[in-house]
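Take the sequence shown: its position 157, counting from 1, is numbered 156 in numbering that gives the first Met the number 0, and each next residue is one higher.
For glycine and all other residues, C-beta sits at the position ideal for the given N, C-alpha and C.
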Amino acid sequence: MGQYWLVACPSKRDYTAKVFGRKLSEMLFSSWPDILSDLIKEDWARAPLICIGDCLNPKDLPDAMQEHNHPLTSAKLNTMSSDLRFDIVEREFGFWSYMEEKKDQAETATHSRNRVLRNLTTQEYVLETNLKSGITIGHLVLMRICWSSDSSTSIQGGAYLARGGLAGHKFDIVDAGMLENLNARQWQDVSRDVWDEVEFLWSNNFGEGWETEWKG
Numbered sequence: 000m001g002q003y004w005l006v007a008c009p010s011k012r013d014y015t016a017k018v019f020g021r022k023l024s025e026m027l028f029s030s031w032p033d034i035l036s037d038l039i040k041e042d043w044a045r046a047p048l049i050c051i052g053d054c055l056n057p058k059d060l061p062d063a064m065q066e067h068n069h070p071l072t073s074a075k076l077n078t079m080s081s082d083l084r085f086d087i088v089e090r091e092f093g094f095w096s097y098m099e100e101k102k103d104q105a106e107t108a109t110h111s112r113n114r115v116l117r118n119l120t121t122q123e124y125v126l127e128t129n130l131k132s133g134i135t136i137g138h139l140v141l142m143r144i145c146w147s148s149d150s151s152t153s154i155q156g157g158a159y160l161a162r163g164g165l166a167g168h169k170f171d172i173v174d175a176g177m178l179e180n181l182n183a184r185q186w187q188d189v190s191r192d193v194w195d196e197v198e199f200l201w202s203n204n205f206g207e208g209w210e211t212e213w214k215g
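So this is what it looks like as structure tokens:
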């Protein structure tokens, strides 16, 4: 069945969700990641991000969150043995959400494709021009920042997503011209690897012809 998820920006004590979150498949295989793209471009730029499953044990946090001591849990939460439920998150974080009209704008907006997603934690980047079939920067981030103590994701072949390797990492979105200012020896283009993962997940859930069958 899968658990429910929400995306949080712990350093800003913000999270965004509809009611108490959604199934991960409902978030990932939709246009919802457009909202996440906007947040990474603006309010949440260069801040650690994590998509929390509601079966997360408060003591089971990704390394990136532990290293920087981000306030995902309070001293009170650290004493709890129960899973991290959404009512606890709402009490510890200020609720934040786009209004519906802003969501509609995000879904219909046309952005320049001449942008770059940068992972400031690992010094890796993805060129937006390499994305196609409705896949956006938000999809790429969402599928790698999830974290839970339970592997249920409601996504065929996606159990591994529950332990996302980029949970707690910092991102931003910049114009492609910024690449000229990056040290080529330190930064790595991972566009191909990320797209291979997209093809794996989408083909598992929508079939080999997913590019024409799936619409975000």
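| message | Assuming Ile49 and Pro61 are in contact, meaning their beta carbons sit under 8 Å apart, how far apart are those beta carbons, in whole angstroms? | response | The Cβ separation is near 7 Å, so the contact holds.
| said: Give the list of continuous alpha helix (DSSP H) stretches no shorter than 4 residues that lie fully inside the stretch 131–183. | reply: 136–141
| query | Do Ser150 and Leu23 have their C-beta atoms within less than 8 Å of each other? | reply | no
| For Asn204 and Gln155, believed in contact at Cβ under 8 Å, the rounded distance | Yes, they are in contact, since the Cβ atoms of Gln155 and Asn204 sit about 5 Å apart, within 8 Å.
| Just curious, the beta strand (DSSP E) that Asp13 is in, first and last residue? | 13–15
| field | Sequence-distant residues of its chain with Cβ nearer than 7 Å to Leu178 (five each side left out) | value | Annotation for Leu178: Val115 place their beta carbon closer than 7 Å to its own, counting only its chain and skipping 5 residues before and after.
| field | Alpha-carbon spacing of Asp192 relative to Trp43, whole angstroms | value | 24 Å
| message | Taking its Cβ as the centre, do 16 or more other Cβ atoms sit within 10 Å of Gly167, making it buried, or is it exposed? | response | Buried, because 16 or more other Cβ atoms sit within 10 Å of the Cβ of Gly167.
| Glu198: first and last residue of the uninterrupted alpha helix (DSSP H) it sits in | 190–205
| said: Considering only their Cβ atoms, is the gap separating Ala7 from Lys169 smaller than 8 Å? | reply: no
| query | In the structure shown, what three-state DSSP assignment does Pro47 receive? | reply | strand
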